[in-house]
Amino acid sequence: MLGKCFGVLSVVSFFFAVICHNTGAVCDAIVSGASKSVTLTISLIGIMTLWSGFMNVLKQAGIIKKLSRLLRPVLRLIFPKSFKNGVATEEITACISANLLGIANAATPLAITAIEKIQSGRKTDIASSDMITLAVLGCASFNLVPTTVIAIRQAAGASITYEIMFPVWICSGLCMVLGVVLCRILGKIYGDT
Amino acid sequence: MEILEKISSFVLPCVVLFIGLILLFGKGDFFSHFLDGARDGMKSAIRLLPSMCALVVGVSMFTASGAADFLAKLLAPVLDFIGIPSDIFPLVITRPLSGAASIATYEDIIAKTGADSFSSLCASVIMASSDTVFYVLCVYFSSSGVKKTRYALPVALFISAFAVVFSCVLCRIFF
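Chains as they are written, first to last, in this note's numbering: chain A, 1 to 193; chain B, 194 to 368.
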């Protein structure tokens, strides 16, 4: 997927850079983009390290197993294959719990761990249906309090600040439900790998 | 309303406190479990760099070349027809592509139309309820070596388009 995306982006960018006389800006973008990717990755290394460590503590203490048993009735419907075969159930539970608690920066590392765990028992490079459901849920990122947006609004002197949370909850909630439903339907149509 | 922010700012410290209590009172060497897990997490994060590099370079080129602006203009009649305010068109393009670029676009919208304008409110809800789809998919899949993501990108993009439309509808109802 990424290879094709990069191909499309580079062809389109070249085309527009020539037409809009932006070749200089594109040169800068290529160089600065490469170094920006390092900054992004490094900031991710810290969060990944911390949450993977926490995850392992909770796992060894048996807490995630209890939580996973508790959430099983719901998660079984969303990730049928993983829960049927007992693969990565603890990792998926941890990721979804972080998502529901609104700890968005923990959801990413936990989702990566979950997908790695599902992948570890497979021999193909094609994503399984459960992996895709997890990724789509990640895209509808649920934040209990969208702190960045509220901070920007307060700084700009807005009178409506915290009130935006209600539409945000409804919107991300509905996106998550719709995402799961679409994934399950498409998973049925295309089959699993 | 501020009370909600207070509560949510307690969630993370509580999780960390819980871990701390396990380290203090748990039977067994839980700190070495922490270190083991943390080491694995660090390794997965480093494995992300090559694909992250390709993604960020691609997206930076795309926005710098003027293609993103052109796409926003191209989509304008469609968005206009659905009832999405024209000020937020650039945000609709940048939101799935890049976190930093979409925050910049969002701040532009606020500066241009005022923080309490309808466009700014829609933009706020869009910012908070959708994520940078390309980045999320890249990060989620690349460290485990999954290359063919099948219907993940189309569904994710559809969901984020739905989030844009639905955000505007909700803003009309709420404000």
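Cβ atoms here follow ideal geometry from the backbone N, Cα and C, with glycine treated the same way.
At the C-beta level, F224(B) and N56(A) stay beyond 8 Å of one another. When C-beta atoms of the region 304–320 of chain B are compared with those of the region 150–163 of chain A, three or more pairs fall below 8 Å, so the two segments count as touching. Residue environment for E195(B): exposed (fewer than 16 other C-beta atoms within 10 angstroms of its C-beta).
Judged by DSSP secondary structure, F224(B) falls within the alpha helix (DSSP H) whose first and last residues are F223 to R240.
D192(A) counts as exposed, since fewer than 16 other beta carbons sit within 10 angstroms of its beta carbon.
Pairing Y344(B) with A135(A) gives a Cβ-Cβ distance that is not under 8 Å. In the three-state reduction of the DSSP assignment, K341(B) falls in the strand class. Of all residues in the region 135–159 of chain A, those with a C-beta nearer than 7 Å to a C-beta of chain B are A135, V136, G138, C139, A140, S141, N143, L144, V145, P146, V149, I152, R153, A156, G157, A158 and S159, reading in chain order. The beta carbon of L77(A) is closer than 6 Å to none in its chain, skipping five residues each way along the sequence. The Cβ atoms of M131(A) and V271(B) do not sit closer than 8 Å to each other. Boundaries of the alpha helix (DSSP H) around G7(A): L2 to I19. When 8 Å is used as the limit between beta carbons, N22(A) is near these residues of chain B: A257, S258 and G259, in chain order. If you look at T93(A), you'll find it in the alpha helix (DSSP H) that goes T89 to L101. Non-local beta-carbon contacts of S244(B) in its own chain, meaning distances under 8 Å to residues more than five positions away in sequence, involve C331 and S335 in chain order. At the C-beta level, S258(B) and V26(A) come within 8 Å of one another.
One thing to note: C183(A) has its Cβ no nearer than 8 Å to the Cβ of S97(A). Contacts between L205(B) and chain A, judged by CB atoms closer than 7 Å, involve I103 in chain order. Under the 8 Å criterion on CB atoms, T287(B) is classed as non-interfacial with respect to chain A.
Sequence-distant Cβ neighbours of I302(B) in its own chain, meaning closer than 7 Å and more than five residues away, are D280, I281, L284, S312, S313 and A316. Chain A has a Cβ within less than 8 Å of the Cβ of K340(B).
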